[in-house]
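Count along the sequence shown starting at 1, add 125, and that's the number in our numbering. The beta carbon of each residue, even a glycine, is placed where N, CA and C say it ideally should be. Shown next, in structure tokens, is the structure this report addresses.
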Amino acid sequence: MKAANATKTALIIIDVQNGFLHPTHWGTSRSTPDCEENIALLLTAARAHNKKQGGGGGGGNPSFVAVCHVHHHSIYPGSLLHPGAQVEIDGQTLDAVQPLSFARPEAGEKVFVKNVNSSFVGTELEAYLRSQGARQLVIAGLTTDHCVSTTTRMANNLRVVSAAGPGGELDEGDIVLAGDACATFAKGSFDAETVHSVNLASLNDEFAQVERTRDVLRVVFGV
């Protein structure tokens, strides 16, 4: 994990959409109560960092953080993440595929729409990250064991932040997963926190560095 001032960094926010607000559709319980607050902190820090650099989430400045939003649009009409699906929360009817209010993209931030678990399949995310010269990813979002895990694994396997070192050796870059800025739901007989924790443990050191949001804020963004 490195400072964004010194390493071209991309923040990838996955599937922070209204459909996941449904209280029972995805499971009987959900992990990580502070997930949304932590995602908001990461977004705020990245945007503040970019403002100090004099611009938005991309461009030619290597110190800019490339802020990327990934949204799921299912091809299955019965899905709560199908375009046109709606969810009722606290008496309000919301478009299920729209992002939560705090995670709405701002000018200069890229949006990638997928219809499978991986943020790299059927999107231009890989090409964009390579075009930006990204050497570090910070990943957060929903859900830990599905789209977050799949995206993290593929980022590693595709070597999207890797580069050849001065002697020709492979420098793999950094893939950072903010573990407390992800969440998932109960699966089968396993409660949500167990599913979340086991999946983070499986990713850590093999596909990514699993870190706490407060440490990402301190090291990457200097907050």
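The way I'd put it, the stretch 211-225 does touch the stretch 135-155; three or more beta-carbon pairs between them come closer than 8 Å. It is roughly 14 Å from the alpha-carbon of Arg255 to the alpha-carbon of Asn186.
Gly304 sits close to Arg337, with the two beta carbons spaced by under 8 Å.
For Arg260 and Lys133, the gap between their C-alpha atoms comes out near 5 Å. Under the DSSP assignment, Thr134 falls in the beta strand (DSSP E) whose first and last residues are 134-139. Residues of the same chain with a CB within less than 7 Å of the CB of Asp159, apart from the 5 flanking positions on each side, are Asp305 in chain order.
If the five residues before and after Asn240 are omitted, its C-beta is found closer than 8 Å to the C-beta atoms of His197, His198, Ser199, Ile200, Gly247, all from its own chain and listed in chain order.
Spanning the alpha carbons of Val341 and Asn281 requires a straight line of approximately 19 Å. Shortest Cα-Cα distance from Pro148 to any of Ile214, Pro224, Phe332, Glu249 involves Ile214.
In the DSSP annotation of this structure, the continuous segment of the beta strand (DSSP E) that includes Cys193 starts and ends at 191-197.
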